[in-house]
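Colleague:
Number of protein chains: 2
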Amino acid sequence: MKEVPGGVTAAKGFRAAGMHCGIRKNTEKKDLALIFSDVPCSAAAVYTTNLVKASPLYVTMRHLENGALRAVIANSGNANACAPGGEDAALRACAAAAAALGIAKEDVAVASTGVIGVPLPVGAIEDAAKPLAAKLSESGSDDAAEAIMTTDLTKKSIAVSFSLGGKTVTLGGIAKGSGMIHPNMGTMLSFLTTDARISADMLQAALRESARVTYNRISVDGDTSTNDMNLIMASGLAGNAEITEPGADYGVFLAALNRVNGFLAREMARDGEGATKLITCRVTGAGDTLAAERLAKSVIASSLVKTAMFGADANWGRVLCAMGYSGAAFDPAGVSISFASDSGEVQVCQNGMGLAFDEVKAKEILTKSEVTIICSLGQGGGEAEAFGCDLSYDYVKINGDYRT
Amino acid sequence: MKEVPGGVTAAKGFRAAGMHCGIRKNTEKKDLALIFSDVPCSAAAVYTTNLVKASPLYVTMRHLENGALRAVIANSGNANACAPGGEDAALRACAAAAAALGIAKEDVAVASTGVIGVPLPVGAIEDAAKPLAAKLSESGSDDAAEAIMTTDLTKKSIAVSFSLGGKTVTLGGIAKGSGMIHPNMGTMLSFLTTDARISADMLQAALRESARVTYNRISVDGDTSTNDMNLIMASGLAGNAEITEPGADYGVFLAALNRVNGFLAREMARDGEGATKLITCRVTGAGDTLAAERLAKSVIASSLVKTAMFGADANWGRVLCAMGYSGAAFDPAGVSISFASDSGEVQVCQNGMGLAFDEVKAKEILTKSEVTIICSLGQGGGEAEAFGCDLSYDYVKINGDYRT
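Protein sequences, first through last, are from chains F and H. The opening position of the first sequence corresponds to residue 406 in our numbering, with each subsequent residue numbered one higher. The opening position of the second sequence corresponds to residue 406 in our numbering, with each subsequent residue numbered one higher.
1) Strictly below 7 Å CB to CB, what residues from chain F border H/Phe-715?
2) Assuming H/Val-776 and H/Ile-684 form a contact by the criterion Cβ under 8 Å, report the distance between their Cβ atoms to the nearest whole angstrom.
3) In whole angstroms, what separates the C-alpha of F/Gly-793 from that of F/Ala-701?
4) With burial defined as no fewer than 16 other Cβ atoms inside 10 Å of the residue's Cβ, what is the status of F/Gly-679: buried or exposed?
5) Going by other Cβ atoms of all chains shown within 10 Å of its Cβ, with 16 needed for buried, is H/Ala-646 buried or exposed?
6) Return yes when the Cβ of F/Gly-690 is within less than 7 Å of the Cβ of F/Gly-783, no when it is not.
7) Counting C-beta neighbours from all protein chains within 10 Å, is the total for F/Arg-613 16 or more, i.e. buried, or is it exposed?
8) May I have the straight-line CA-CA distance separating H/Glu-810 from H/Leu-541, to the nearest angstrom?
9) Between which two residues does the alpha helix (DSSP H) carrying H/Arg-664 extend?
10) Who does F/Ser-748 pair with in a DSSP beta bridge?
11) I want to know whether the stretch 426–434 of chain H touches the stretch 702–719 of chain F - three or more CB-CB distances under 8 Å.
12) Pull up the distance between the alpha-carbon of H/Ala-500 and that of H/Met-634, whole angstroms please.
13) Between the stretch 591–601 of chain F and the stretch 613–623 of chain F, do at least 3 Cβ pairs fall closer than 8 Å?
14) Does any residue of chain H have a CB that is nearer than 7 Å to the CB of F/Val-457?
15) F/Gly-699: buried (16+ other C-beta within 10 angstroms of its C-beta) or exposed?
16) On the CB-based measure, 16 or more other CB atoms within 10 Å of its CB, does H/Arg-467 come out buried or exposed?
17) List the residues of chain F whose Cβ lies closer than 9 Å to the Cβ of H/Val-523, in chain order.
18) In this structure, how does DSSP classify H/Glu-543 when only helix, strand and coil are distinguished?
19) Ends of the beta strand (DSSP E) at F/Leu-683?
20) Report yes if the CB atom of H/Lys-510 is closer than 7 Å to the CB atom of H/Ala-516, and no otherwise.
21) Could you pull out every residue in the same chain whose Cβ sits closer than 6 Å to the Cβ of H/Ser-615, ignoring the five residues on either side in sequence?
22) In chain F, what lies closer than 9 Å to H/Ala-486 by C-beta?
23) How about H/Leu-709: is its C-beta nearer than 7 Å to some C-beta of chain F?
24) From the DSSP output, read off the bridge partner residues of F/Glu-511.
25) Verify whether the separation of the beta carbon atoms of H/Ile-440 and H/Pro-526 is less than 7 Å.
26) Is DSSP giving H/Gln-784 helix, strand or coil here?
27) Can you give me the C-alpha to C-alpha distance between H/Ser-604 and H/Ser-447, rounded to a whole angstrom?
28) For F/Ile-810 and F/Glu-470, I'd like the C-alpha separation in whole angstroms.
29) Over the uninterrupted alpha helix (DSSP H) stretch that includes H/Met-728, give me the two end residues.
30) Relative to the C-alpha of F/Ser-743, which candidate in F/Leu-760, F/Gly-732, F/Phe-735 and F/Ala-539 has its C-alpha closest?
31) Only counting the same chain, and skipping five residues up and downstream in sequence, which positions put a Cβ closer than 7 Å to that of H/Gly-785?
32) Would you verify that the beta carbon of F/Pro-651 is, or is not, closer than 7 Å to some beta carbon of chain H?
33) Relative to the C-alpha of H/Leu-669, which residue among H/Leu-496, H/Asp-547, H/Ala-421 and H/Gly-577 is closest?
34) Evaluate contact between the stretch 535–552 of chain H and the stretch 411–422 of chain H, counting only Cβ atoms and requiring at least three cross-stretch pairs below 8 Å.
35) Going by CA-CA distance only, name the one from F/Ala-438, F/Ala-767 and F/Ala-449 that's closest to F/Asp-606.
36) Please report whether the beta-carbon of H/Gly-729 lies at a distance below 7 Å from any beta-carbon of chain F.
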């Protein structure tokens, strides 16, 4: 498997575009993205687990019932959630895109991200649909990635190519996500495309399996959004034998999906609101995978761990404390904890007890932009990694007055 | 029921003291507290639900097995958690207090709060036990309250008196708690005394019932500590007919306990690390009490709600979002949300949809030091209040470098 350029348009058959349509006041900021497939695609999506779901999610769910899509239209600047007329607005966005593309509106998925509770000015999307469709190109991935950004500081994009039954297959995607990020799909939008031939059922199975070990293992602030969506379209243009059941080909495809989703998820954590560093928690030796996952997520989500990481403070007691309230069963007396980065590794706790350690070295390790917290339990074969970021002054600044 | 002065020494038979013994470097800061009863007491306690528990909790649990205590020794500056020799140190603290007081060491409870993972310098406690016992007085409540403070900015103390079977009964207490505070007993210590006559069993039942609706409904930062303890001693000196079963007297006592614990819990939330305001979330019309509790707690604990409150931003979408991921069942389309303070009330959401509202008025309401978020569901009779605070720059500052 190797990385290739092109993001969401790297796979055969896909074009994309992004532009400013007027939902956001700043005319410099793109706020509308379109992704289009030249041919019919099998498609799948997973959504937020929040009981309060934004209107576009319900519309996309209906349009995906037959497992087929050809386009995605997505806006930033307004979540189209909890506002009057939301479902109608989402339908109108699909219809406008469909008319501009000459396809059925049921073949269009719709997504939104931004402020909750304000009616979506869908007229701006309707006016922009045609000019946006005219801009579609095989090099439009970056424009689309930019158009879905909110408080994101970086565009998130990746593509990989790999061999499947003798054919070269490409899988790529773009994503956004910076705040309201928590396991179980934080506010994130992630759109993937592939030219693999794969049935809608297997695509849905693979996406669900992949989301569990990627997006559902990151946390920025513990808030699970109303708008999350991870969607994939498969054009089949690579010409491989169609994947219709579990097996070797499915395994190869899933590995590629995990690579792409894993990368995008980590980029979201790294770009968490106000974040100065990417924090990985690696748990090994837990009773089982589920326990390892719960422990790793609990550490990553702890406000006290996150502020300690911001301050480059080797306060491992907070790590053990967060493990303790995770709900996972383990023996605290068997836990060892280390901090690692490209400056080295320092063990700070053994068998549940503090070790004397070199504070200067620990500070040096924790000052780096990527830090790993390693928790070894010695109780079984369960292991998992979760990803998050530190909690900084800027998180408070960004969120203290986001709406106004 | 009326408030009376005296805190933890207001009830008949109790004396208290606080001093600096040397666990903390700052010699101006008291770090050791002692509470003593002149007569044997029935006693009860509830503890953190964290799987990782500090050593003093295990020692206190054992000493409380017979439902009787006469003294509590508590230090700040060191949690005596996850450090070698912790249990031995906790036992030595009890033994030193017992020797100084001339009682059995099994009649002493011990508690600690502070940094995790550093061995407790128990020699300092042993050296201080006698001078501390010599300082015990009926006006020592404030000194004891001060000695258990860590990042707390205010002493937390209250006492009430009420009539029980014709006798005047007094119940009072002191508490600390500012960070690592979350439902299910955040890092908090809360010591209560009463002169009511009540059996250890009924005292334990009342304490458990009261903790559920007071301490377990506050959150500062979502981290549940290793050291929490809410402990009560009852001297029986008020001379009321002993409470040995549920009934009218038990109800009166429980109401007083809820008043005292409720006050101390709210004071902890108000004094949350970096907090500029006390936030109450009142949920009404939920399916049942448990659902109301889950919803209220989820709102109070949301980082995005907390930062919005810091910024006096009427971002009600985050409130509805936090309700949505609480795990409680409800119909989002039936939810109304208002913000209230002593500047008035403004409704911002009705039937799950945003309302046009006066932003200037909303800002004025949210700028106050006590703000209530009111969520009405119209689905049933379940209601609950939860208490928290805003998330400010100072929370990050305090926790970014707490240990060093």
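Think of the CB as a built atom: it goes at the ideal place given N, C-alpha and C, for glycine as much as any other residue.
Modeller: The relevant details are as follows:
1) Within the second sequence, the letter at position 310 stands for residue 715 of chain H. The answer, in chain order, is Val-801 and Gly-805.
2) Here residue 776 of chain H is taken as the residue at index 371 of the second sequence, counted from 1. Here residue 684 of chain H is taken as the residue at index 279 of the second sequence, counted from 1. 5 Å between Cβ atoms; contact.
3) Here residue 793 of chain F refers to the residue found at position 388 when the first sequence is read from its first residue. Here residue 701 of chain F refers to the residue found at position 296 when the first sequence is read from its first residue. Between the alpha carbons of F/Gly-793 and F/Ala-701 lies a distance of about 10 Å.
4) By 1-based counting over the first sequence, the position of residue 679 of chain F is 274. Answer is buried; the Cβ neighbour count reaches 16.
5) The sequence position of residue 646 of chain H within the second sequence is 241, counting from 1. Looking at its Cβ environment, which holds fewer than 16 other Cβ atoms inside 10 Å, H/Ala-646 is exposed.
6) Position 378 of the first sequence, counted from the start, is the residue given in the question as residue 783 of chain F. Position 285 of the first sequence, counted from the start, is the residue given in the question as residue 690 of chain F. Yes, the Cβ-Cβ distance between F/Gly-783 and F/Gly-690 is below 7 Å.
7) Here residue 613 of chain F is taken as the residue at index 208 of the first sequence, counted from 1. With fewer than 16 other Cβ atoms within 10 Å, it is exposed.
8) Residue 810 of chain H cannot be examined here, being either before or after the span of chain H that is shown, 406 to 809.
9) Counting from one through the second sequence, the residue named residue 664 of chain H turns up at place 259. First-last of the alpha helix (DSSP H) with H/Arg-664: 653–675.
10) For the purposes of this step, residue 748 of chain F is taken as residue 343 along the first sequence, with counting starting at 1. Per DSSP, none; premise fails for F/Ser-748.
11) Here the stretch 426–434 of chain H makes no contact with the stretch 702–719 of chain F; the two share fewer than three CB pairs at distances below 8 Å.
12) Position 95 of the second sequence, counting from 1, holds the residue named residue 500 of chain H. Position 229 of the second sequence, counting from 1, holds the residue named residue 634 of chain H. Spanning the two alpha carbons is a distance of roughly 20 Å.
13) In this structure the stretch 591–601 of chain F touches the stretch 613–623 of chain F; the number of beta carbon pairs closer than 8 Å is three or more.
14) Here residue 457 of chain F corresponds to residue number 52 of the first sequence, with the count starting at 1. Yes, F/Val-457 lies at the interface with chain H (some Cβ there is under 7 Å from its Cβ).
15) Taking the first sequence and counting its residues from 1, the one referred to as residue 699 of chain F is at position 294. Per the sequence shown, residue 699 of chain F should be read as Arg rather than Gly. Counting Cβ neighbours within 10 Å, F/Arg-699 comes out buried, since at least 16 surround it.
16) To locate residue 467 of chain H, count along the second sequence from 1; it is residue 62. Label assigned to H/Arg-467: exposed.
17) Start at 1 with the first residue of the second sequence, and residue 523 of chain H comes out as number 118. Within 9 Å Cβ-Cβ: Gly-722 and Gly-759.
18) By 1-based counting over the second sequence, the position of residue 543 of chain H is 138. Of the three classes helix, strand and coil, the one that applies to H/Glu-543 here is coil, per DSSP.
19) Walking along the first sequence from the start, residue 683 of chain F turns up at place 278. If you look at F/Leu-683, you'll find it in the beta strand (DSSP E) that goes 683–691.
20) Position 105 of the second sequence, counted from the start, is the residue given in the question as residue 510 of chain H. Position 111 of the second sequence, counted from the start, is the residue given in the question as residue 516 of chain H. No; because the gap between Cβ atoms is not below 7 Å, this pair is not in contact.
21) Numbered from its first residue, the second sequence carries residue 615 of chain H at position 210. Excluding residues within five positions, the ones whose Cβ falls inside 6 Å are Leu-662, Asn-663 and Asn-666.
22) Within the second sequence, numbered from 1, the residue matching residue 486 of chain H stands at position 81. Result: Gly-722, Leu-725 and Cys-726.
23) Locating residue 709 of chain H in the second sequence gives position 304, counting from the first residue. H/Leu-709 counts as touching chain F.
24) Residue numbering aside, residue 511 of chain F sits at position 106 when the first sequence is read from its first letter. According to DSSP, which records beta bridges pairwise, F/Glu-511 is partnered with nothing at all.
25) Start at 1 with the first residue of the second sequence, and residue 440 of chain H comes out as number 35. Start at 1 with the first residue of the second sequence, and residue 526 of chain H comes out as number 121. Cβ atoms of H/Ile-440 and H/Pro-526: not closer than 7 Å.
26) Looking up residue 784 of chain H in the second sequence gives position 379. Coil.
27) On the second sequence, position 199 is the one that residue 604 of chain H refers to. On the second sequence, position 42 is the one that residue 447 of chain H refers to. One alpha carbon belongs to H/Ser-604, the other to H/Ser-447, and they sit about 6 Å apart.
28) Only positions 406 to 809 of chain F appear in the structure, and residue 810 of chain F is not among them; the question remains open.
29) One-based indexing of the second sequence puts residue 728 of chain H at position 323. Segment 721–729, the alpha helix (DSSP H) holding H/Met-728.
30) The sequence position of residue 743 of chain F within the first sequence is 338, counting from 1. The option with the nearest alpha carbon to F/Ser-743 is F/Leu-760.
31) Indexing the second sequence from 1 puts residue 785 of chain H at position 380. Only Gly-690, Ala-691, Gly-692 and Asp-693 meet the Cβ criterion.
32) As a working note, residue 651 of chain F is residue 246 in the first sequence. Not a single CB atom of chain H sits nearer than 7 Å to the CB of F/Pro-651.
33) Locating residue 669 of chain H in the second sequence gives position 264, counting from the first residue. Closest by alpha carbon: H/Gly-577.
34) With a cut-off of 8 Å on Cβ pairs, the stretch 535–552 of chain H is in contact with the stretch 411–422 of chain H, counting three or more such pairs.
35) On the first sequence, residue 606 of chain F is found 201 positions in, with the first residue counted as 1. Taking only the C-alpha atoms, the option nearest F/Asp-606 is F/Ala-449.
36) The sequence position of residue 729 of chain H within the second sequence is 324, counting from 1. It does: the Cβ of H/Gly-729 has a partner Cβ on chain F nearer than 7 Å.
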